[in-house]
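There are 2 protein chains.
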Amino acid sequence: MEQTALADDEYRAAVTDLLGVLAYGELTAFVRMAVDSDMAPTLSLKAHMAQLAHAEYVQYTQLADHMRDLGIDPEAAMQPFVAPFASFHERTRPRGWLEGLVKAYVGDGIGKDFYREVASFVGPETREVMERALDDEGHDEFVVRIVRDALRTDPTASGRLALWGRRLMGEALSQAQAVAVERDAMSALLIGGGMDLAEVGRMFARLTENHQRRMTRLGLEA
Amino acid sequence: MEQTALADDEYRAAVTDLLGVLAYGELTAFVRMAVDSDMAPTLSLKAHMAQLAHAEYVQYTQLADHMRDLGIDPEAAMQPFVAPFASFHERTRPRGWLEGLVKAYVGDGIGKDFYREVASFVGPETREVMERALDDEGHDEFVVRIVRDALRTDPTASGRLALWGRRLMGEALSQAQAVAVERDAMSALLIGGGMDLAEVGRMFARLTENHQRRMTRLGLEA
């Protein structure tokens, strides 16, 4: 059982980090999307963006509840990730509604890829909570449609948004690397769970490929 | 039944306005609070503020669902109120975490007073949805405690926040007046429902008194 595994200090520290980074990622995604919804050109799009933000909040509360169930303090678990996320968002402030939308889609996608990658290293209850967070209720479809529509009416936007996508991925990878260096336990879980360094490299390659697939879906060059 | 009453064009127009202004008020409150949560000095306060924002979003969806049940298009109903709310929020941008918190408390309080005032003029189903929106799940307590704590550690803030509270009330009343002049059907519902002009005046007096009571609870001069 997971509770038994949690008695192991190493595993507990790793799961605490993992749930902490995921939960704080959802909480900041919630705030960023709510902020960006204010830039929406129509009321309908604003309401939709608010719904996306709300979905992130619900996932945040599920992760926080799960931590409490495991006897982990969510705030303590999230604290180490406040600075890297602040830094990521500081460096990737969207300059308009479309950039915000692309950021939500790309950021969410990278987050979900990471969920999928690490789910096999954790106990069954934690895995279930993480898998629930993978259900996006058709939100991706919404974003893809809006961005493609926007590109049809303003083709000049595509070069700028393609650059923006590369910048987002670069900043995300650079923060992820900083976090991995800092958080020994989480890295040990991945490595100890059967990943060797070559496998970690392949994981980053998969994250990048998926990102490129998402950019293509938006109609943008990756 | 309310469906019968809704066949009456005047009543329908009034209820559409009423639900529209309430729903858009919740939606913008959600966005503002999420934005302000970013200024919270600790992770714990940020999470709490996000929870307040989330509660506003849930109330917005309940009002929007209720409109759809009545055959009212929520977006069309909210549209006339986009400009007055934008103007209110534009004129009352908080310059820090505490101002944001006081604004959330004061704005929410005025909104809820207004729910209470108009609930007696609408049909039973609409009244029920509005009464559900009055349940604040202890959020007011949270804000009052934080503001009073902050005033204890920084007594100089109290003069500035007292002024801020007066400004918020002034801007809210001025926008409310603009809306009342613009939206005939809603005014007619109140007047036709038994309110004469003197009663409307007394309603504004009650809203002001309740606002003063809230400021006192925060430890501020009204």
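Chains as they are written, first to last, in the working numbering: chain A, 2 to 223; chain B, 2 to 223. Glycine included, every Cβ here is placed at the ideal spot set by N, Cα and C. No experiment lies behind these values; they were computed from the predicted model shown.
Query                                                                                                                          : Result
Cβ pair residue 204 of chain B, residue 15 of chain B closer than 7 Å                                                          : no
Proximity test, Cβ basis, 7 Å: residue 36 of chain A and chain B                                                               : yes
Three-pair Cβ contact test at 8 Å for the region 99–108 of chain A versus the region 163–180 of chain A                        : yes
Three-state class that DSSP yields for residue 222 of chain A in the structure shown                                           : coil
Touch test, the region 40–49 of chain B against the region 80–98 of chain B, Cβ-Cβ under 8 Å, three pairs minimum              : yes
Closer than 7 Å at the beta carbon, the chain A residues around residue 88 of chain B                                          : Result: empty, since nearest Cβ-Cβ is about 14 Å, beyond 7 Å.
7 Å Cβ cutoff met for residue 44 of chain A and residue 34 of chain B                                                          : no
7 Å Cβ cut-off: residues of chain A touching residue 58 of chain B                                                             : 51 and 55
For residue 87 of chain B and residue 24 of chain B, believed in contact at Cβ under 8 Å, the rounded distance                 : Contact flag wrong, Cβ pair sits at about 15 Å.
Short Cβ contact (7 Å threshold) for residue 178 of chain A with residue 85 of chain A                                         : no
Option in B/141, B/185, B/202 and B/160 with minimal Cα separation from residue 223 of chain B                                 : B/160
Exposure label - residue 36 of chain A; buried when at least 16 CB within 10 Å                                                 : buried
Whether residue 99 of chain B touches residue 151 of chain B by CB criterion (7 Å)                                             : yes
Interface residues of the region 14–27 of chain A facing chain B [CB-CB below 7 Å]                                             : none
Proximity below 7 Å, CB of residue 63 of chain A to CB of residue 130 of chain A                                               : yes
Complete alpha helix (DSSP H) runs within the region 70–117 of chain A (minimum length 4 residues, chain order)                : 75–79 and 83–92
Chain A contact for residue 180 of chain B (CB, 7 Å cutoff)                                                                    : no
Extent of the continuous alpha helix (DSSP H) run through residue 156 of chain A                                               : It is not in any alpha helix (DSSP H) - residue 156 of chain A carries neither H nor E in the DSSP assignment.
Minimum C-alpha distance to residue 162 of chain A - residue among A/74, A/28, A/122 and A/220                                 : A/220
Expected contact under 8 Å - CB spacing of residue 58 of chain B and residue 55 of chain A to nearest Å                        : 5 Å
Cutoff 7 Å: residue 76 of chain A Cβ touching any chain B Cβ                                                                   : yes
Alpha-carbon spacing of residue 28 of chain A relative to residue 9 of chain B, whole angstroms                                : 45 Å
CB-CB length for residue 22 of chain A against residue 180 of chain A, believed under 8 Å                                      : 7 Å
Cβ of residue 44 of chain A within 7 Å of any chain B Cβ                                                                       : yes
Candidates B/67, B/155, B/149 and B/153, of which the one nearest residue 133 of chain B by Cα                                 : B/67
For residue 154 of chain A and residue 51 of chain A, the rounded distance between their alpha carbons                         : 24 Å
Proximal residues of chain A, C-beta to C-beta of residue 79 of chain B below 9 Å                                              : 44 and 48
Inter-residue spacing [alpha-carbon to alpha-carbon] between residue 75 of chain B and residue 70 of chain A                   : 39 Å
Nearest candidate by alpha-carbon position, reference residue 89 of chain B, set B/26, B/149 and B/218                         : B/26
Outcome for residue 199 of chain B when other beta-carbon atoms lying within 10 angstroms are tallied against a minimum of 16  : exposed
Residue-chain proximity (residue 130 of chain A, chain B), Cβ-Cβ < 7 Å                                                         : no
Residue 127 of chain B classed as buried or exposed, judged by whether at least 16 other C-beta atoms fall within 10 angstroms : buried
Contact check, residue 17 of chain B vs residue 73 of chain B, beta carbons under 7 Å                                          : yes
Contact list for residue 39 of chain A against chain B, beta-carbon separation under 8 Å                                       : 32 and 36
Test item: CB-CB of residue 109 of chain B and residue 208 of chain B under 7 Å                                                : no
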